[in-house]
Amino acid sequence: MDLPSWATDYRFIGCCGAIAASAALIRAYLSLRAPKRHRTVRWQLPPYAEDMTRYAYKAARLPKEPTDYIVIGSGMGGLWLAAALSKCGYTVVVLEQHYIAGGCCHTFTEKGACFDTGIHYIGDLKVAANLMEVAGDPADYPVQFQEVGRENEDTRARDGTGRGLYDVIKFGNDTEIRLRAGKEAFMSEMSRHLPAQLVSDWVKTVKQATKTWRMLAMSRAFSPLVQWFWLRLLGSGALKWARKTTRQVVQELNGDMKAEGILSGQCVDWGEVPSTACFLLQAVIQHHYMHGACFPVGGPLSIVRTLISTIHKAGSRVFVRAKVEKILVNKGVAEGVVLSNGDTLRSRRGVVSSVGLSATLGHLLSSEDVDRYMSAEARLLKDVGEGVSNVCAFVTLQGSSDELRLPTSNLHYWPEMPTEGRGLDAVAVKYAEALLDVDAHDAAYFISFPSAKDPEYDARHPGTSTCEMLMETTSGMFEQLNEALGGARTTRRTAAYKDVKKLLVDKFRRCLTEHFPHLQDKIVSIEVSTPLSMHHYLQRFSTYGLRHTPERIANPVPRVGTGIRRLYLSGQDLITEGWMAAVYSGMVAATHLLGYTPWDLVSGRLFLDDLAKIPNPPSIAQLEEAAAAAAAVGGDKKGQEGARVGA
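Structural data, given as structure tokens:
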């Protein structure tokens, strides 16, 4: 066979070879580079003997080095960012108003049982593990993840195994959908209830939309002008999907209200019903879990500890009981913060708020500064609003998870199947409005058993198990109740509020035992939290912060940078809700703070890859050995405080 002329043209072949060689050299060069603006880290022994998650603020405990960044809030968006910046050689102070760090990853103990407050499951096990590996402290606080779904689960799938089962969706007593790890398993199960072609088209569309997500998320790292060009050149696909609701996409695929409801049966995960949910967000979350889910071994606090350990070993600090009253802004520049005790802390490079737009704009900044410098963010908050509110039940059970045959999968329960003219939207509103109706015995809810997901739980809390439940409320229900009870910061609630909580306890008990009747005599206690609890700590009633509508997700704000110089944003309001998105917000914020450009990202130079090139913190044993050796040689003061190990 004769080859085309260009195939035998030595100049062409040589040119191709040169391009390939250049690409290889560029890749090799990039693989050796540390993060931009990286400094050498002086690793040192942690400063505490107490629990690192409860290290209370005292002025004498501040770092000896000048503070580069102040991070407000210790949720994942702030804590991961602080760990990454600390590993890059910057001095960071994290300020948390609560008595324990971690935001919605913190835990609490009740009746001998330990409860998580935010994580029910995490998708993309490999990605989650990598995010903890590069910013955490694997030497002293390694984080492992356990796959959800076990062979011997009582709620096993139809093939006789429960392996990989992460969600069970039930509509009344007639329809039960079991979602297991793997695209084929997802399609097979959904095809039992919907036309196979519709399911196939849906999965293809979800995958197609998900591929565009990264471009939209990374655009938050850039200035307004750069973001405008980025979205139009590289993010147009993401904007296309971000501007559509789930209902619009289902209709384009010729699906009906029943299909819409079944495909959105997990909507508690994103807090919007099909008519208002941004399809791109739903696609990303559904794809996130489609290949299986996992849970941190040791509970969410293991994630908090590994990040705090990195921060403290690098000379930075995470303080609790450190409530920020206001951000200091002078002539359009953020210079520091004022704490509730009157202390003023200043930073050399900036202040990062990871507590959400509502708290930042409404409580930490003056109205004059908001109007002058952050009007776009204020307009977004006003126009889009905040999302769904939930009441939560924390149920202590007597007996181990194995003894009680508790599943590791979650249950999403809807009392009725959506039909034409009465979609999932109407079903959700009906039961949310009836939440406090004493005559309404049924409800829509979510049930999870965290103790069953954690293989180490029984060793830490023998003889107990935990169940967590969620029910949605209508917007305004608890805002009105709050005013009737005298404000969200009322320390002693009225008898009326206690009656509301008793009603909710009875409803949660009834719903739990309807699906798991064998737990009736195993319930030790049921503690209920309402949106008033959320408001007390976060100055908002919403569980997920900003709503997840097309108007919000497709909006170019918020960005990491703001109209106030040296004031930056991170946390779930920057991108979306959820553990993974909160961590990603920290990564996007670091991308901005360390000066990564669009060209860096397009050419393959990513902050996450660069961060992995910095050695992880040495173990405490190594630091003690190095400090002792340095002290023995001349009593070097710096050697007594820490040592330059693995820098």
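The sequence shown begins at 634 in my numbering and counts up by one. All C-beta atoms, glycine included, are put in the ideal place defined by N, C-alpha and C.
Secondary structure at Phe928, three-state DSSP: helix, strand or coil?
The residue labelled residue 928 in the question sits at position 295 within the sequence shown. Residue state, collapsed to three classes: strand.
Give me the Cα-Cα distance between Val832 and Ile1247, rounded to the nearest whole angstrom.
Reading the sequence shown from its first residue, position 199 is the one you call residue 832. Reading the sequence shown from its first residue, position 614 is the one you call residue 1247. Cα to Cα, the separation comes out at about 44 Å.
Based on the DSSP secondary-structure assignment, which residues constitute the bridge partners of Asn887?
Here residue 887 corresponds to residue number 254 of the sequence shown, with the count starting at 1. For Asn887, which the question treats as bridged, DSSP gives no partner whatsoever.
If you run the structure through DSSP and keep just helix, strand and coil, what is Asn763?
Here residue 763 refers to the residue found at position 130 of the sequence shown. Reduced to three states, the DSSP call for Asn763 is helix.
Please say whether Lys744 and Val1157 have beta carbons closer to each other than 8 Å?
As a first step, residue 1157 must be located in the sequence shown, where it is residue number 524. As a first step, residue 744 must be located in the sequence shown, where it is residue number 111. Yes, they are a contact pair.
Helix, strand or coil for Glu959, going by three-state DSSP, please let me know.
Position 326 of the sequence shown, counted from the first residue, corresponds to residue 959. A small correction: the amino acid at residue 959 is Lys; Glu does not occupy that position in the sequence shown. Reduced to three states, the DSSP call for Lys959 is strand.
Hey, how far is the Cα of Met1167 from the Cα of Ser1033?
Position 534 of the sequence shown, counting from 1, holds the residue named residue 1167. Position 400 of the sequence shown, counting from 1, holds the residue named residue 1033. Their backbone Cα atoms lie some 30 Å apart in a straight line.
Does DSSP put Thr1176 in a helix, in a strand, or in coil?
Taking the sequence shown and counting its residues from 1, the one referred to as residue 1176 is at position 543. If DSSP states are grouped into helix, strand and coil, Thr1176 belongs with coil.
Can you tell me whether Asn763 is buried or exposed? The criterion is at least 16 other CB atoms within 10 Å of its CB, across all chains shown.
As a working mapping, residue 763 is identified with position 130 in the sequence shown. Counting Cβ neighbours within 10 Å, Asn763 comes out exposed, since fewer than 16 surround it.
Answer with buried or exposed for Asn887, where buried requires no fewer than 16 other C-beta atoms within 10 angstroms of its C-beta.
Taking the first residue of the sequence shown as 1, we reach residue 887 at position 254. Asn887 comes out exposed.
Determine the burial state of Tyr662: buried for a count of at least 16 other Cβ atoms within 10 Å of its Cβ, exposed for fewer.
By 1-based counting over the sequence shown, the position of residue 662 is 29. With a pLDDT of 49 at Tyr662, under the threshold of 50, the modelled position of this residue cannot be trusted, and the question is left open.
What does the Cβ neighbour count give for Gly706, buried or exposed, with the cut at 16 atoms within 10 Å?
Here residue 706 refers to the residue found at position 73 when the sequence shown is read from its first residue. By the neighbour-count rule (16 or more Cβ atoms within 10 Å), Gly706 is buried.
Give the range of the beta strand (DSSP E) segment to which Lys803 is assigned.
Position 170 of the sequence shown, counted from the first residue, corresponds to residue 803. Unbroken beta strand (DSSP E) run through Lys803: Leu798 to Phe804.
By Cβ distance below 8 Å, which residues in the same chain neighbour Asp1173 in space, the five residues on each side in sequence not counted?
For the purposes of this step, residue 1173 is identified with residue 540 of the sequence shown, where counting begins at 1. According to the sequence shown, residue 1173 is Arg rather than Asp. Same-chain partners within the cutoff: Gly989, Ser991, Ala992, Glu1019 and Met1167.
How do the stretch 887 to 904 and the stretch 701 to 718 stand: do at least 3 beta-carbon pairs fall below 8 Å, yes or no?
As far as the Cβ criterion goes, the stretch 887 to 904 does not touch the stretch 701 to 718, which means the pair count is below three.
Taking the alpha-carbon of Val937 as reference, which of Trp713, Ala1254 and Ala1026 has the nearest alpha-carbon?
For the purposes of this step, residue 937 is taken as the residue at position 304 of the sequence shown. Nearest of Trp713, Ala1254 and Ala1026 to Val937, Cα basis: Trp713.
Specify the secondary structure class of Leu1014 as computed by DSSP and reduced to three states.
Mapped onto the sequence shown, residue 1014 falls at position 381. Note: Leu1014 maps to helix in three-state DSSP.
Can you name, in chain order, every residue of its own chain whose Cβ lies under 6 Å from the Cβ of Gly983, other than the five neighbours on each side?
Your numbering for residue 983 matches position 350 in the sequence shown. So the list reads Tyr702, Arg1199 and Tyr1201, once near-sequence residues are dropped.
Checking the sheet assignment: what are the DSSP bridge partners for Ala746?
Indexing the sequence shown from 1 puts residue 746 at position 113. According to DSSP, which records beta bridges pairwise, Ala746 is partnered with Glu743.
May I ask you to report which of helix, strand or coil DSSP gives Val836?
By one-based count along the sequence shown, residue 836 stands at place 203. Looking at Val836 - three-state DSSP - the assignment turns out to be helix.
Provide the residue span of the beta strand (DSSP E) that contains Leu1030, from first to last.
Taking the sequence shown and counting its residues from 1, the one referred to as residue 1030 is at position 397. Looking at the DSSP string, the run of the beta strand (DSSP E) that includes Leu1030 is Ser1022 to Gln1031.
Would you list the residues sitting across from Asn974 in a DSSP beta bridge?
Translated into the one-based positions of the sequence shown, residue 974 becomes position 341. In the DSSP output, where bridge partners are listed per residue, Asn974 has none listed.
DSSP has Ala689 in a bridge; who is on the other side?
As a working mapping, residue 689 is identified with position 56 in the sequence shown. Its beta-bridge partners are Val953.
So Glu1049 and Val1062 are supposed to be a Cβ contact under 8 Å. How far apart are they, rounded?
Stepping through the sequence shown from its first residue, residue 1049 is reached at position 416. Stepping through the sequence shown from its first residue, residue 1062 is reached at position 429. Not quite, the Cβ-Cβ distance comes to about 13 Å (not below 8 Å), so this is no contact.
How about Val776 and Tyr754: are their beta carbons less than 8 Å apart?
Within the sequence shown, the letter at position 143 stands for residue 776. Within the sequence shown, the letter at position 121 stands for residue 754. Their beta carbons are not under 8 Å apart, which means Val776 does not touch Tyr754 by this criterion.
Suppose contacts are defined by Cβ-Cβ distances below 8 Å. Is Asn1043 in contact with Thr1106 by that definition?
Within the sequence shown, the letter at position 410 stands for residue 1043. Within the sequence shown, the letter at position 473 stands for residue 1106. Result no, Cβ atoms of Asn1043 and Thr1106 do not sit closer than 8 Å.
Only counting the same chain, and skipping five residues up and downstream in sequence, which positions put a Cβ closer than 8 Å to that of Asp834?
Indexing the sequence shown from 1 puts residue 834 at position 201. Result list for Asp834: Leu886, in chain order.
Cβ atoms of Ala1073 and Tyr1046: under 8 Å apart, would you say?
Residue mapping note: residue 1046 aligns to position 413 of the sequence shown, counting from 1. Residue mapping note: residue 1073 aligns to position 440 of the sequence shown, counting from 1. Going by C-beta atoms, Tyr1046 is not nearer than 8 Å to Ala1073.
Is Leu1145 closer than 8 Å to Ser1098 when the C-beta atoms are compared?
Reading the sequence shown from its first residue, position 465 is the one you call residue 1098. Reading the sequence shown from its first residue, position 512 is the one you call residue 1145. Cβ distance not < 8 Å, so Ser1098 and Leu1145 don't count as in contact.
Taking three-plus beta-carbon pairs below 8 Å as touching, is the stretch 724 to 744 in contact with the stretch 668 to 679?
The stretch 724 to 744 vs the stretch 668 to 679: no contact.
Return helix, strand or coil for Arg778, following the three-state DSSP convention.
Start at 1 with the first residue of the sequence shown, and residue 778 comes out as number 145. As written in the sequence, residue 778 is Phe, which differs from the Arg given in the question. Reduced to three states, the DSSP call for Phe778 is strand.
Kindly list the residues whose CB is nearer than 6 Å to the CB of Ala1009, restricted to its own chain and excluding five residues on each side of it in sequence; keep chain order.
Within the sequence shown, residue 1009 is the residue found at index 376, counting from 1. Closer than 6 Å at the Cβ level, and outside the excluded window around Ala1009, lie Val1190.
Could you tell me whether the stretch 936 to 950 touches the stretch 1234 to 1244, using the rule of 3 or more Cβ pairs below 8 Å?
No: the two stretches stay apart, fewer than three of their Cβ pairs being nearer than 8 Å.
From Met890 to Gly898, what does the alpha carbon distance come to, in whole angstroms?
Residue 890 sits at position 257 when you count from the first residue of the sequence shown. Residue 898 sits at position 265 when you count from the first residue of the sequence shown. Each residue's alpha carbon lies about 12 Å from the other.
Pick from Gly894, Thr843, Lys816 and Arg979: whose alpha carbon is nearest that of His826?
Locating residue 826 in the sequence shown gives position 193, counting from the first residue. The residue with the shortest Cα to Cα distance from His826 is Gly894.
Quick check on DSSP: helix, strand or coil for Ser664?
The count along the sequence shown starts at 1 and reaches residue 664 at position 31. With a pLDDT of 46 at Ser664, under the threshold of 50, the modelled position of that residue is not reliable, and no figure is offered here.
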